[in-house]
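Colleague: First to last, the sequence lines map onto chains A and B. Read in order, the letters of the first sequence are residues 5 to 418 in the working numbering. Read in order, the letters of the second sequence are residues 5 to 418 in the working numbering. Glycine included, every Cβ here is placed at the ideal spot set by N, Cα and C.
Protein chains: 2
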Amino acid sequence: MDELIIIGKKAKQASAQLAHMNSEQKNRVLLKVAGLLEKHTNTILKANAVDLEQGKEMGLKGAIVERLTLSGEKIAGVAEGLREIVQLDDPIGEIEEMKKRPNGLLIGKKRVPLGVVGVIYESRPNVTADVAGLCIKTGNVCVLRGGKEAFRSNRAIVKIFHKAIEECGLDPNMVQLVQDTTRESAVAMMKLNEYIDILIPRGGAGLIQTVVQNSTVPVIETGVGNCHIYVDKAADLEKAVAIVYNAKTHRPGVCNAAESLLVHKDVAEAVLPSIGKSLAKGGVEIRGDKATCALIPGAVPAREEDWATEYLDLIISSKVVSSVEEAVDHINKYGSMHSESIVTENYSHAQYFLDRVDAAAVYVNASTRFTDGFEFGYGAEIGISTQKLHARGPMGLKELTTNKYVIYGSGQIR
Amino acid sequence: MDELIIIGKKAKQASAQLAHMNSEQKNRVLLKVAGLLEKHTNTILKANAVDLEQGKEMGLKGAIVERLTLSGEKIAGVAEGLREIVQLDDPIGEIEEMKKRPNGLLIGKKRVPLGVVGVIYESRPNVTADVAGLCIKTGNVCVLRGGKEAFRSNRAIVKIFHKAIEECGLDPNMVQLVQDTTRESAVAMMKLNEYIDILIPRGGAGLIQTVVQNSTVPVIETGVGNCHIYVDKAADLEKAVAIVYNAKTHRPGVCNAAESLLVHKDVAEAVLPSIGKSLAKGGVEIRGDKATCALIPGAVPAREEDWATEYLDLIISSKVVSSVEEAVDHINKYGSMHSESIVTENYSHAQYFLDRVDAAAVYVNASTRFTDGFEFGYGAEIGISTQKLHARGPMGLKELTTNKYVIYGSGQIR
């Protein structure tokens, strides 16, 4: 892949400049991009219209078309997102844990950019601007490899970044879009260890698994969420009904939506019919075990694979369990380590659940829908990590950095 | 690889127990291991003697035999190391950055074990005890795959861990040694994503690159160190001679030893002859560019590959440069991002070097030999990471942990 080697070389070069830009310079670029995105909304929408037309010819379906579709409002939202990134503290250059060692060496941990961040993603063109904005703020060059179906939209957005960067007198190669959208370019990116420091796949489970299995560049796994709500026997049942409804129906297509319901047997009779009614109003299909089906008339029988399925749709699996221990074991067996919630008023059950569930975010008495960079107070996110290395949970600016030990000596030897 | 799948399953099971042991329980195990290591020193030495004998038959050479050789003193040192780990604070369970969000959600970042840590390593049997000790303290199960040449020694050490763990009434599977020492078992470990959370290779550049290239389990790259000392034109030349001598000769076989010397042209004449004399006394071969060879009589001409070579031996490459910028460019081109040092009394040159050199540890006026968990004050280390993800530099207890967001709600929905 000659294109990627050329991109890699340019990226390394741009990285040396971008890594040493101060916050003012980086913010100036971001504000200029935001202004130009608004000014050239029509150009972007025209490119998007061509993508959409061609996508329909290619036979793209509902959800993908929806993600692919831009609008004036969406573009204004992207511009606003960039202005919010400007407001965030720049983590780069901060020195933590500086301390004097007994031999007089002064040792500190300085926060520095990762270098070059590669992102492989699917249909959503707004990811282009979100990722580029977060990377510029953290001094990272980004290499963007979007889907074929969104190529014209992505190119129009990247052109605006280039225009803004050039107007600031800087190297436009700090934001690069891979022109080749074949499978080969994605595979080549996964082997580009010499030029790319970290690779983040954003998209469906298939894409993410392909990257995890094939990449020699370090990967951060994101986003697959088979999230559970466990209604304990000591639950406040009103809260339970509201949380289940919210976690399932608020935005069923996102990774922090609930996909599975577990209910303690002692409250199953009292709460499952109400949950069933409320979910039915939301148009949700329930796939239940025998006990669930006996209590919710419209429920259909669940199959083994349902417990492990992320529907991303108005469907939820449901199972009656005998204890909080059984609930935790079920979650640790079938969950994807994303977001899990217990509804309970019992102190020990809450603590047990928080301790024992192995996931990025574990809740007591709240909807799983809160696992999100904005909701956690980080202002923005580049994805939600479901792996344990480097970053776990919503990844904000800090997660796009690494450290370098800086050591001030006066001639020390060992 | 049936053995590894069985090991993986046992590891996952043991992980659930170990992750929830408190510090007292973990420390009790470590102290018992330390005592038993001292008590059974002879048993370990006997096993080691058989390894050594067989190694010599297999034709193993000097440095490997040295690393493979245990002694009563070395085993006492290992026991002492475990007692030092007992003294360190247990990072597990600590909750950082706990804060109340505007909607009343209380969100904190809890430090938890990674889960199962795999380590693939070569001849040094003491690594077995060091790694197992650090992993127990951090609540991580370890799967150890040592070299064939050290198998009997490793097995003797692991037996002592098992005895101690069982005497404490706990699951011995928290420390597991892979019995199969063929290449196949290493490759199988690299694909064991279902059971192993992180893989750390410890050994030569060949082993590390094999793991980086082939592992689908997330890897932490460790230890290759092509470290430089740059003697600036504003250097205190006496300090320069002492630092170069120390960094090269103190322990030439380790990763933080200096492998390459860069000298500013304005001081080359004044300092290179003294450096040459001092290194000659230490028995060091100098491979220099033309300018070096002209100033140091015994120096031999360097070839291009010398600039990129980690000798791990009494050899150093040497080059005269025209500026601090040229020195930094050379280091960023040929270095391995481990440890780099500038000797200078010039403020701006020092800051430039600290800012621009891309490495785990960057020094002013000190020997690179300080890049080490003990020297940095972390008490122990599982390796020195030369990658940017998750951990960079000496990895202590904290680097063997990840986080889990714990969220206390009162019925919040979005």
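How would you write the range of the beta strand (DSSP E) that A:S343 sits in, first residue to last?
Modeller: Taking the first sequence and counting its residues from 1, the one referred to as residue 343 of chain A is at position 339. Start and end: 343-347.
Colleague: At which residue ranges does the region 56-86 of chain B contain complete alpha helix (DSSP H) runs of 4 or more residues, listed in the order of the chain?
Modeller: 66-72
Colleague: If the criterion is Cβ atoms closer than 8 Å, does the pair B:G415 and B:G400 meet it?
Modeller: In the second sequence, residue 415 of chain B corresponds to position 411, counting from 1. In the second sequence, residue 400 of chain B corresponds to position 396, counting from 1. No, Cβ-Cβ distance for B:G415 and B:G400 is not below 8 Å.
Colleague: Output yes or no for whether 8 Å exceeds the beta carbon distance between A:V221 and A:I202.
Modeller: As a first step, residue 221 of chain A is located in the first sequence; it is residue number 217 there, counting from the start. As a first step, residue 202 of chain A is located in the first sequence; it is residue number 198 there, counting from the start. Contact flag set, yes.
Colleague: Taking A:G227 as the query, report the chain B residues whose CB atoms sit under 8 Å from its CB, ordered along the chain.
Modeller: In the first sequence, the residue the question calls residue 227 of chain A occupies position 223. Here the premise fails: no neighbours, minimum Cβ distance about 16 Å.
Colleague: Can you give me, in chain order, the residues of the region 213-239 of chain A that have a beta carbon less than 9 Å from any beta carbon in chain B?
Modeller: V216, Q217, N218, S219, T220, P222, V223, I224, E225
Colleague: List the residues of chain A that B:Y412 touches, going by C-beta distances under 7 Å, in chain order.
Modeller: One-based indexing of the second sequence puts residue 412 of chain B at position 408. Residues of chain A passing the Cβ test: V368.
Colleague: Could you tell me which chain B residues have their CB closer than 9 Å to the CB of A:L86, listed as they occur along the chain?
Modeller: Residue 86 of chain A sits at position 82 when you count from the first residue of the first sequence. Simply none; closest approach about 23 Å.
Colleague: Report yes if the CB atom of B:V215 is closer than 8 Å to the CB atom of B:M194, and no otherwise.
Modeller: Taking the second sequence and counting its residues from 1, the one referred to as residue 215 of chain B is at position 211. Taking the second sequence and counting its residues from 1, the one referred to as residue 194 of chain B is at position 190. Yes, these two residues count as a Cβ contact at 8 Å.
Colleague: Need the endpoints of the beta strand (DSSP E) that A:E340 sits in, please.
Modeller: Taking the first residue of the first sequence as 1, we reach residue 340 of chain A at position 336. Position check: residue 340 of chain A holds Ser in this sequence, whereas Glu was assumed. Looking at the DSSP string, A:S340 is not in any beta strand (DSSP E), and its letter there is neither H nor E.
Colleague: If you pair each beta-carbon of the region 281-292 of chain B with each one of the region 318-331 of chain B, do three or more pairs fall below 8 Å?
Modeller: Yes: at least three Cβ pairs fall under 8 Å.
Colleague: Note down the Cα distance separating A:G66 from A:G59, rounded to an integer number of angstroms.
Modeller: Within the first sequence, the letter at position 62 stands for residue 66 of chain A. Within the first sequence, the letter at position 55 stands for residue 59 of chain A. For A:G66 and A:G59, the distance between alpha carbons rounds to 11 Å.
Colleague: Is it the case that the Cβ atoms of B:S340 and B:N197 are separated by a distance below 8 Å?
Modeller: Taking the first residue of the second sequence as position 1, residue 340 of chain B is located at position 336. Taking the first residue of the second sequence as position 1, residue 197 of chain B is located at position 193. No; because the gap between Cβ atoms is not below 8 Å, this pair is not in contact.
Colleague: For a contact meaning CB atoms closer than 8 Å, what does B:T406 contact in chain A?
Modeller: Walking along the second sequence from the start, residue 406 of chain B turns up at place 402. Near B:T406 (Cβ distances below 8 Å), the residues of chain A are K392, L393, R396.
Colleague: For the region 353-367 of chain A, list every residue whose C-beta sits within 9 Å of some C-beta in chain B, in sequence order.
Modeller: A354, L358, D359, R360, V361, D362, A363, A364, A365, V366, Y367
Colleague: Return helix, strand or coil for B:M399, following the three-state DSSP convention.
Modeller: Your numbering for residue 399 of chain B matches position 395 in the second sequence. The answer is strand: DSSP assigns B:M399 an E or B state.
Colleague: Between the region 241-269 of chain B and chain A, which residues of the former have a C-beta closer than 7 Å to a C-beta of the latter?
Modeller: K243, A246, I247, N250, H254
Colleague: Would a check of beta-carbon distances place B:F374 closer than 8 Å to chain A?
Modeller: The sequence position of residue 374 of chain B within the second sequence is 370, counting from 1. Cβ-Cβ to chain A under 8 Å: yes for B:F374.
Colleague: Would you tell me roughly how many angstroms separate the C-alpha atoms of A:N130 and B:I386, rounded to the nearest one?
Modeller: Taking the first residue of the first sequence as 1, we reach residue 130 of chain A at position 126. Taking the first residue of the second sequence as 1, we reach residue 386 of chain B at position 382. Taking the straight line joining both Cα atoms gives about 41 Å.
Colleague: Which chain B residues sit within Cβ distance under 7 Å of A:R109?
Modeller: Taking the first residue of the first sequence as position 1, residue 109 of chain A is located at position 105. Here residue 109 of chain A turns out to be Leu, not Arg, going by the sequence shown. A370, F374, listed in chain order.
Colleague: With a cut-off of 8 Å, does the C-beta of B:Y315 fall near any C-beta of chain A?
Modeller: Here residue 315 of chain B refers to the residue found at position 311 of the second sequence. Using a CB distance cut-off of 8 Å, B:Y315 does not count as an interface residue toward chain A.
Colleague: Check each residue of the region 22-34 of chain B: if its Cβ is closer than 8 Å to any Cβ of chain A, include it; give the result in chain order.
Modeller: The residues in question are H24.
Colleague: What's the gap between the Cα of A:Y234 and the Cα of A:H334?
Modeller: The residue labelled residue 234 of chain A in the question sits at position 230 within the first sequence. The residue labelled residue 334 of chain A in the question sits at position 330 within the first sequence. Computed Cα separation, rounded: 10 Å.
Colleague: Return the residues of the region 196-212 of chain B that lie within a Cβ-Cβ distance of less than 7 Å from chain A, sorted by chain order.
Modeller: Of all residues in the region 196-212 of chain B, D201, I202 have a Cβ within less than 7 Å of some Cβ in chain A.
Colleague: Would you identify the three-state DSSP class for B:P205, choosing helix, strand or coil?
Modeller: Position 201 of the second sequence, counted from the first residue, corresponds to residue 205 of chain B. Strand.
Colleague: Looking at the C-beta of A:F380, does it have a partner C-beta in chain B at a distance below 8 Å?
Modeller: Counted from its first residue, the first sequence places residue 380 of chain A at position 376. It does; some Cβ of chain B falls within 8 Å.
Colleague: Please say whether A:I411 and B:A363 have beta carbons closer to each other than 8 Å?
Modeller: In the second sequence, counting from the first residue as 1, residue 363 of chain B sits at position 359. In the first sequence, counting from the first residue as 1, residue 411 of chain A sits at position 407. No. Outside cutoff.
Colleague: Considering A:S321, what are the terminal residues of the beta strand (DSSP E) in which it resides?
Modeller: Against the first sequence, residue 321 of chain A aligns to sequence position 317. That run of the beta strand (DSSP E) goes 319-325.
Colleague: Any beta carbon of chain B sitting closer than 8 Å to that of A:I417?
Modeller: Translated into the one-based positions of the first sequence, residue 417 of chain A becomes position 413. Chain B, which has a Cβ nearer than 8 Å to the Cβ of A:I417, makes this yes.
Colleague: Using alpha carbons as the reference points, say which of B:Y315, B:V361, B:G397, B:N107 lies closest to B:E225.
Modeller: Position 221 of the second sequence, counted from the first residue, corresponds to residue 225 of chain B. Comparing Cα positions, the closest option is B:G397.
Colleague: If you drop the 5 nearest sequence neighbours on each side, which residues of the same chain put their C-beta closer than 7 Å to that of A:V90?
Modeller: As a working note, residue 90 of chain A is residue 86 in the first sequence. For A:V90, same chain residues with a beta-carbon under 7 Å away, outside a window of 5 residues either side, are N31, L34, L35 in chain order.
Colleague: I think B:H342 touches B:T296, with their Cβ atoms under 8 Å apart; what is that distance to the nearest whole Å?
Modeller: Mapped onto the second sequence, residue 342 of chain B falls at position 338. Mapped onto the second sequence, residue 296 of chain B falls at position 292. Contact doesn't hold; Cβ gap of about 23 Å is too wide.
Colleague: So, does the region 273-287 of chain A touch the region 244-263 of chain A, judging by three or more C-beta pairs under 8 Å?
Modeller: yes
Colleague: Who are the neighbours of A:Y351 on chain B, taking C-beta pairs under 7 Å?
Modeller: Translated into positions along the first sequence, residue 351 of chain A becomes position 347. At a beta-carbon threshold of 7 Å, none of the residues of chain B lie near A:Y351; the nearest stands roughly 11 Å away.
Colleague: Can you say whether B:R307 is buried or exposed, counting buried as having 16 or more other CB atoms within 10 angstroms of its CB?
Modeller: Counting from one through the second sequence, the residue named residue 307 of chain B turns up at place 303. Under this definition B:R307 is an exposed residue.
Colleague: So, does the CB of B:R115 fall closer than 8 Å to a CB anywhere in chain A?
Modeller: Here residue 115 of chain B is taken as the residue at index 111 of the second sequence, counted from 1. For B:R115, the answer is no, since every Cβ of chain A falls outside 8 Å of its Cβ.
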